[in-house]
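Enquirer: Residue numbers (my numbering): 1 to 417. Positions of the beta carbon are idealized from the N, C-alpha and C atoms, including for glycine. Got a structure for you, written out below as structure tokens; questions coming shortly.
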């Protein structure tokens with residue numbers, strides 16, 4: 001079984017029989033999301049020699065070559081001389097395990113990876129109840145990582161609003177493993193000296209990388225579509241780099257929806273009407289929040305309660321873009337609500353990876369009252385942990401009340417009691 005050792009080397013997580021195909025084990029303390037020192041520590045493998053590297057794994061924006069490729073011992077099922085069957089399995093080798101504020105995992109065994117992007121664990125969980133169901137394939141982006149039993153979306157053949165083939169979706173469909181920054185002028189630009197995720201200043205004669213190593217304009221994922229929109233501006237806490245709460249979160253600046261539009265372009269049409277004739281919620285730089293929405297967000301505490309203040313109104317379940325391209329102007333610990341420059345974005349409602357809910361929602365879009373969300377206690381396929389982690393460990397009934405309506409109300413308001 002595969003054992004993934006956590007970042008402090010204190011515990012090991014043993015995965016099930018489905019992971020027996022993995023014959024080496026990797027021990028990491030940081031990831032490319034951290035953007036600083038990433039040490040690959042030696043570990044004991046059960047069937048192969050220990051795999052040992054040291055140094056900055058994603059230094060200069062690009063991963064250590066031998067961490068992903070092998071000249072003579074590549075996986076026979078892979079392309080590009082990869083050590084695993086596919087690129088996403090390479091990524092998940094390091095980015096799996098128990099979640100936590102400083103855990104680099106995006107694929108946990110129990111839903112505990114409470115990252116801003118969510119947890120691919122939810123793709124493996126399907127729930128059903130008396131009058132409904134929530135299949136795992138509907139819970140987010142179905143990345144293909146065969147070594148970890150993650151397979152193509154069985155519900156959709158292409159990206160909604162685009163042509164990207166679902167069968168080819170993987171981590172590198174969004175994240176550039178070779179760290180491009182600066183569009184198609186990559187090789188003419190200054191070298192990358194640090195992450196673009198945490199707001200640190202680059203060294204003289206160098207530049208920052210992109211936020212989360214996201215593909216830049218002119219990035220072309222293998223088997224995918226060429227990007228025309230550059231990476232977004234956003235800043236995550238360097239203290240809790242994998243956490244999302246009201247006080248430690250990604251502070252989004254600009255460009256997220258436009259970047260999502262590289263694959264989902266038809267969902268961002270200027271007239272907000274899809275080719276099928278249905279209405280699409282505005283999102284992106286042109287979807288500035290109206291003053292009524294700003295006032296509602298900044299005073300709304302819960303259904304029917306508008307006694308809040310702008311200084312403490314930020315809610316992790318309903319983020320927004322502040323409307324700035326200045327990375328240093330962003331504060332990932334700010335609880336300040338939106339101003340006149342703010343806009344709604346795709347991630348105001350959805351998670352980038354996966355969630356417990358349909359469409360990768362930040363909350364259950366089908367529940368009129370959030371206490372009626374699924375997964376719920378008693379649902380087929382649901383564990384107590386699934387219920388707990390679905391809302392990032394927050395007890396909505398206790399915190400917001402049993403009458404709390406959809407978090408759509410954070411922007412659009414609720415009837416007064």
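Between the alpha carbons of residue 348 and residue 81, how many angstroms are there, rounded?
Expert: If you take the alpha carbons of residue 348 and residue 81, they lie about 38 Å apart.
Enquirer: Thinking residue 176 and residue 215 are a contact (beta carbons under 8 Å), I'd like their distance in whole angstroms, please.
Expert: That belief holds up - the Cβ atoms of residue 176 and residue 215 are roughly 5 Å apart, short of 8 Å.
Enquirer: CB-CB under 7 Å to residue 228, same chain, minus the five flanking residues each way: which ones, in chain order?
Expert: So the qualifying residues of the chain are 217, 262.
Enquirer: With C-beta atoms as the reference, is residue 307 less than 8 Å away from residue 296?
Expert: No, the pair does not count as a contact, with Cβ atoms beyond the cut-off.
Enquirer: When burial is assigned at 16 or more other CB atoms within 10 Å of the CB, is residue 239 buried or exposed?
Expert: Exposed: under 16 other Cβ atoms inside 10 Å.
Enquirer: Relative to the C-alpha of residue 125, which candidate in 390, 234, 350, 223 has its C-alpha closest?
Expert: It is 390.
Enquirer: Have a look at residue 142 and residue 195 and give me their C-alpha separation to the nearest angstrom.
Expert: Cα-Cα distance, rounded: 26 Å.
Enquirer: Below 8 Å, can you find three or more Cβ-Cβ pairs linking the region 341–361 to the region 281–297?
Expert: Segments in contact, yes.
Enquirer: For residue 257, which residues from the same chain have a beta carbon less than 7 Å from its beta carbon, with the 5 sequence-adjacent residues on both sides left out?
Expert: If we look at residue 257 and ignore the five residues flanking it on each side, its Cβ neighbours are 268, 283, 284, 345, 346.
Enquirer: Out of 90, 133, 375, 314, which one is the CA nearest neighbour of residue 249?
Expert: Looking at the Cα atoms, 314 is the closest of the given residues.
Enquirer: Put residue 251 into one of helix, strand or coil per three-state DSSP.
Expert: Three-state result, residue 251: strand.
Enquirer: Between residue 87 and residue 174, how many whole angstroms is the CB-CB distance? I'm expecting something under 8 Å.
Expert: Actually they are not in contact, since the Cβ atoms of residue 87 and residue 174 sit about 11 Å apart, beyond 8 Å.
Enquirer: Among 407, 91, 334, which residue has its Cα nearest to the Cα of residue 178?
Expert: When only C-alpha atoms are compared, the closest one is 91.
Enquirer: For residue 139 versus residue 123, is the C-beta distance shorter than 8 Å?
Expert: Yes; because the gap between Cβ atoms is below 8 Å, this pair is in contact.
Enquirer: For residue 350, count neighbouring Cβ atoms within 10 angstroms of its own Cβ and tell me buried if that reaches 16, exposed if not.
Expert: Residue 350 is buried by the Cβ-count criterion.
Enquirer: What is the DSSP secondary structure of residue 363, reduced to helix, strand or coil?
Expert: In the structure shown, residue 363 sits in coil (DSSP, three-state: anything other than H, G, I, E or B).
Enquirer: Checking the sheet assignment: what are the DSSP bridge partners for residue 192?
Expert: 207, per the DSSP bridge assignment.
Enquirer: Could you tell me if residue 418 is buried or exposed, where buried requires 16 or more neighbouring beta carbons within 10 angstroms of its beta carbon?
Expert: Not covered by the structure: residue 418. The range shown for the chain is 1 to 417.
Enquirer: Roughly how many angstroms lie between the CA atoms of residue 101 and residue 114, to the nearest whole one?
Expert: So the alpha carbons of these two residues sit roughly 8 Å apart.
Enquirer: Who does residue 288 pair with in a DSSP beta bridge?
Expert: DSSP output for residue 288 lists 343 as bridge partner(s).
Enquirer: Quick check: residue 358 and residue 367, are their CB atoms within less than 8 Å of each other?
Expert: For residue 358 and residue 367, no; Cβs fall outside 8 Å.
Enquirer: Inspect the beta-carbon positions of residue 327 and residue 205 and report whether they are closer than 8 Å.
Expert: No.
Enquirer: Ordered along the chain, which non-local residues of its own chain (more than five positions away) have a Cβ less than 7 Å from that of residue 254?
Expert: Same-chain partners within the cutoff: 232, 233, 285, 321, 323, 324, 325.
Enquirer: In the DSSP output, which residue or residues are listed as bridge partners for residue 269?
Expert: Residue 269 pairs with nothing; no bridge assigned.
Enquirer: Alpha carbon to alpha carbon, how far is residue 118 from residue 155? Give it in angstroms, no decimals.
Expert: Cα to Cα, the separation comes out at about 20 Å.
Enquirer: Leaving out the 5 sequence neighbours to the left and right, which residues in its chain are closer than 6 Å to residue 380 when beta-carbon positions are compared?
Expert: So the list reads 128, once near-sequence residues are dropped.
Enquirer: With H, G and I counted as helix, E and B as strand and the rest as coil, what does DSSP make of residue 329?
Expert: Of the three classes helix, strand and coil, the one that applies to residue 329 here is helix, per DSSP.
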